[in-house]
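In short: position in the sequence shown from 1, add 22, done, that's the working numbering.
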Amino acid sequence: MARAKGDAAEERALNHLQRQGLTLVTRNWHCRMGELDLIMREGEELVIVEVRQRTHASFGGAAESITATKRRRLTRAARLYLQRHPREAQRPVRFDVVALNGDGEPEWIRHAFLPEAP
C-alpha cells in the first residue's frame, strides 16, 4: 500500500514539474546508496528531485521531513548516478524538493539544499 501511495505522489510531482517545463530523464533510480525519485532537466541543468508527501501535518510538513541524513544519502546517490552517466555529469546539478501536503497543490522548492560534502 505504501508503494502505491509513493507512486501516486511521484506521479503528481512529475506532472506538476512537466507543466512547469521540466523534462523527465528517469524516475526511481536505485543504487546501493538509495533511490533518486525523479531526475529531470530544466534547460541545461540536471535536477535531482526528492518527492515528499505528508497526509497530516501532525509530524511537520513534507519539506521538513528531509533530514541531514537524507540529504547525505541523496548526495551520495546523485554522485554515483553522475559517475555512471558521464554525459550528465557535464551539466550543472541542483537538488529540488516537491512537497505534497495532503491534497493541496504541490510545493516546488527549487535549490532546496546544497550537496553534502563527501
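Backbone N, C-alpha and C define an ideal beta-carbon position, used for all residues, glycine too.
Values in this document were obtained by computation on a predicted structure and should not be read as measured data.
{"Query": "Tell me whether Q75 sits in a helix, a strand or coil according to DSSP, three-state version.", "Result": "strand"}
{"Query": "What is the DSSP secondary structure of D29, reduced to helix, strand or coil?", "Result": "helix"}
{"Query": "According to the Cβ coordinates, are R116 and V69 closer than 8 Å?", "Result": "yes"}
{"Query": "Distance, Cα to Cα, T45 vs E32?", "Result": "14 Å"}
{"Query": "Taking just the CA atoms, how far does P128 sit from E43?", "Result": "Glu is not the amino acid found at residue 43; the sequence shown has Gly there. Rounded to the nearest angstrom, the two C-alpha atoms are 15 Å apart."}
{"Query": "The alpha helix (DSSP H) spanning L104 covers which residue range?", "Result": "90-106"}
{"Query": "Here's the rule I'm using: 16 or more other beta-carbon atoms within 10 Å means buried, otherwise exposed. How should T97 be labelled?", "Result": "buried"}
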